[in-house]
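Data block below; observations after.
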Amino acid sequence: MFKKILVPVDLAHPDVFEPSLQVVADQARHYDAEVCYVAVIANTPGSVARTPDEYQQKLEAFAQERAQVHGQPVNAKAIVCPDPIADLDDVLVEAIDDLGADLVIMQTHPPKHLDVVLPSHGGKIATHTRASVFLVRPQG
Amino acid sequence: MTNDNKAPESAAGEGIPAPEGPANLIDTDYVIGQDNITTNKFGLDVDLHGKVFTVSSLVILIFVILTLALQAEIEPIFDAIFSFLTGNLSWVFLLGGNIFVLVSLGIVVSPLGKVRIGGAHATPDFSYAGWFAMLFAAGMGIGLMFYGVSEPLTHFGTSMAGTTVENGVRTDWAPLGAAAGDAAAAQRLGMAATIFHWGLHPWGAYAIVGLALAIFAFNKGLPLTIRSIFYPILGERVWGWPGHLIDILAVFATLFGLATSLGLGASQAAAGLNYLFDVPNSNVTMVLLIMGITAIALCSILLGVDKGVQRLSQLNMVLAFLLLAFVIVVGPTLLIATGFFKNLVAYVSELPALSMPFGRDDANFSQGWTAFYWAWWISWSPFVGMFIARVSRGRTVREFLIAVLLVPTLVSVLWMTAFGGTAIHQVVADGFQGVQDAALELKLFVMLGQLPLTAITSFVGIILVIVFFVTSSDSGSLVIDSITAGGKVDAPKPQRIFWAIIEGAIAIALLLGGGLTALQTAAVSTGLPFTLVLLVGCYALIKALRSEPKGT
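In the order they appear, the protein sequences are chains E and Y.
First residue of the first sequence? That's 8 in my numbering, and the numbers climb one at a time after it.
First residue of the second sequence? That's 93 in my numbering, and the numbers climb one at a time after it.
In structure tokens form, the structure reads like this:
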């Protein structure tokens, strides 16, 4: 049913997206799908990498590591934008089209009141893309 | 909880790939964000540089409380600091300003201009129109609205009045030797002096900071914060207290400079609303204005640089251009057209005398106006420089300097010629005294009042002030957030919101407490250490550029 799974990751905060990785592995194997790990990063030096190319290298290494786990083909893409905090949702929605992904699996937080002002990225992406979106809540 | 998200270890000897195409990274073990504190108490994510954030926010809080509580005691101290800085040390500011302009112009014509920000193959993130609009809105904005009419008119008036000497000391405020009774010469001198304050020199300071930050962040791979400029001098020590101090100073300069500008903007918008709609020109109006404007700024922050600041800046460019075109067409068109070239020539020919740091006899002018402006521009430079650095990746150094130095200077000449020239024309040719008698913040509206379609143009004027206000507050929050987050530009959104609210709150508190003078003094006081920061920046910049491969 699904051919290409897009997984947004932020290498600076592995603890945030780690729980969803198991879901990604299971789904990828189940549908025999390719997995694209996508990161949206700033053009300025950051905590993970000092240049966008360095980030891309680290993301590729990360993707290969995951491929060892689930055995499905992988792809890695670090997308540079001037203001990643504000533009994250738009950039991801665009990336879903560009990469031709049909399923997005990402971590999200439980609903809270603050969402009215600062909506969750997962929810916002789901309302703006044609792809299916699987939001993984933290356990417990 | 401390941040232990160290970057994944890269294999030894692998080396970091160049930014985009050839560039020469600085080798350091510092990991951006290694001194940051992260938490998500209260359901809000926070990612801050512990020391810089804590010290700067505490000191600012104490400053605001002290200024409000001990107004009478503190005011003489501020006055003393202010007159000492602009009086005894004016030569430092003037000399520094000249050096920044000369270094910038020198880099434009040297082969160093070929270096590309972000690596030899980097591509720009913004279109020319969006980029230029943001440069200009960040650099001048409210100031042009506030001083566009009032400053040319003031210098014209003092020059007309000639020089007065008491006990061998000149007491008049006229620039250079004045031009007693000669209207044409007084206008020439007044315009030259105004353009001098709004031309190459302010943008020279911005260009040095902006370019140095851009090169050290995008080509050298250091965090986007002021301390990175000092790496060639301090080495690894910039990540310790010397660096913290530089960043804390930058936060002060930015906050005080912004709050001053916001105070000016609020008073002008309130005066305009009063002039146009009879809205009471009271503290309540100003507080409501600041709150409303901060609310708009918050929306713009939530939308981000691309959809927020950039669009607002472009909107403002269009509005400002329309207003300028209107004044040129409806005002004394021919006079403005010839005046543009005449004033440009006057500026260039008076430039050596006006920028001379030593042996001036026009002490009131060179200290009270020029040195004050220089200190103000320099204390603004971390803010403007950082913002323009952030949006300038992908441009060559030459492109950057021309866009930051020469184009805005020409626009300033045109703007001052159109607005100031029209107002002076009203005084000289029409014998209309209203503009000269009006309060500083009202002069723009009184001048527009003599032209047709007053209601519309004045309204556009108010909108311009408000939108410039929003873009300043918005880009200021981005800059302060980035400095207090150890150079991260992707720190959580609530921090930006926090700083935008703080800026509004400081502006309100000090406006109510009458502490705007204190604020101006504070802005100027941070200018002195920053002049030294910038002089070091010149050295570091040239050193950094020389080590970059020349692009094509």
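All C-beta atoms, glycine included, are put in the ideal place defined by N, C-alpha and C.
A direct Cα-to-Cα measurement between Thr514 (chain Y) and Leu493 (chain Y) gives close to 31 Å.
Against chain E, the CB of Ile129 (chain Y) has no partner CB under 8 Å away; the residue lies outside that interface. When secondary structure is reduced to three states using DSSP, Cys88 (chain E) falls in the coil class, being assigned neither helix nor strand.
According to the DSSP assignment, Glu167 (chain Y) belongs to the alpha helix (DSSP H) that extends over Gln163 to Asn180.
Y:Thr563 is the residue among Y:Thr563, Y:Val538, Y:Ile307 and Y:Ala530 whose C-alpha sits nearest the C-alpha of Gln402 (chain Y). In this model, Asp22 (chain E) and Gly129 (chain E) are separated by some 17 Å (Cα to Cα). Judged by pairs of C-beta atoms under 8 Å, the segment 431–441 of chain Y does not touch the segment 575–587 of chain Y, as fewer than three such pairs exist.
At a Cβ-Cβ threshold of 8 Å, Gly579 (chain Y) and Leu316 (chain Y) count as neighbours.
Within a 10 Å sphere around the beta-carbon of Tyr122 (chain Y) sit 16 or more other beta-carbons, which makes this residue buried. Rounded to whole angstroms, the gap between the alpha carbons of Asp339 (chain Y) and Val147 (chain Y) is 10 Å. Closest option to Lys65 (chain E), judged by alpha-carbon separation, among E:Asp33, E:Asp109 and E:Val45: E:Val45. With a threshold of 16 other beta carbon atoms within 10 Å, Cys630 (chain Y) meets it and is buried.
Here Phe228 (chain Y) is not near Val628 (chain Y), since their CB atoms are 8 Å or more apart. Between Asp573 (chain Y) and Asn456 (chain Y), the C-beta gap is not smaller than 8 Å, which leaves the two residues out of contact. If you compare the alpha carbons of Y:Pro216, Y:Leu245, Y:Ala214 and Y:Pro294 with that of Ala463 (chain Y), the shortest gap goes to Y:Pro294.
By the Cβ-count criterion, Asn259 (chain Y) is exposed, with fewer than 16 other Cβ atoms from all chains shown falling within 10 Å of its own Cβ. Rounded to whole angstroms, the Cβ separation of Val538 (chain Y) and Ala530 (chain Y) is 4 Å, and the two are in contact under 8 Å. The alpha-carbon separation between Ala49 (chain E) and Val499 (chain Y) amounts to approximately 28 Å.
In this structure Gly254 (chain Y) is in contact with Ala270 (chain Y), their Cβ atoms being roughly 5 Å apart against a cut-off of 8 Å. Counting only runs of 4 or more residues that sit fully inside the segment 397–434 of chain Y, the alpha helix (DSSP H) segments are 402–422, in chain order.
Burial is judged here by how many other beta carbons sit within 10 angstroms of a residue's own beta carbon; Glu72 (chain E) has fewer than 16 and is exposed. The beta-carbon of Val489 (chain Y) is placed no less than 8 Å from the nearest beta-carbon of chain E. Here Asp139 (chain Y) carries a strand assignment [DSSP, helix/strand/coil]. In the displayed model, Lys312 (chain Y) falls within coil according to three-state DSSP, outside both helix and strand. In this model, Val55 (chain E) and Val42 (chain E) are separated by some 22 Å (Cα to Cα). Of the candidates Y:Asp454, Y:Ala599, Y:Gly396 and Y:Leu637, the residue whose Cα lies closest to the Cα of Arg490 (chain Y) is Y:Leu637.
Around the Cβ of Val257 (chain Y), a 10 Å sphere holds fewer than 16 other Cβ atoms; the residue is exposed.
The beta carbon of Ala108 (chain E) sits closer than 7 Å to the beta carbons of Lys11, Ile12, Leu13, Cys43 and Ala138 from its chain, once the five residues preceding and following it are set aside; these are given in chain order. Asp398 (chain Y) belongs to the set of residues whose beta carbon lies under 8 Å from a beta carbon in chain E. In the structure shown, the three-state DSSP call for Tyr122 (chain Y) is coil. A residue is called buried once 16 or more other Cβ atoms fall within 10 Å of its Cβ, and Ser175 (chain Y), having fewer, is exposed.
Straight across, the Cα-Cα distance linking His213 (chain Y) with Pro641 (chain Y) is about 12 Å. Within the same chain, Cβ atoms closer than 7 Å to the Cβ of Ile555 (chain Y) are found at Leu411, the five residues on either side in sequence being excluded.
Between the segment 72–87 of chain E and the segment 370–380 of chain Y there are fewer than three C-beta pairs closer than 8 Å, too few to call the two in contact.
Those residues of the segment 208–222 of chain Y placed with their C-beta closer than 9 Å to a C-beta in chain E are Gly210, Gly211, Ala214, Asp217 and Phe218, ordered along the chain.
For Leu626 (chain Y), same chain residues with a beta-carbon under 8 Å away, outside a window of 5 residues either side, are Gly188, Phe192, Ala297, Ile300, Val301, Ile470 and Ser473 in chain order.
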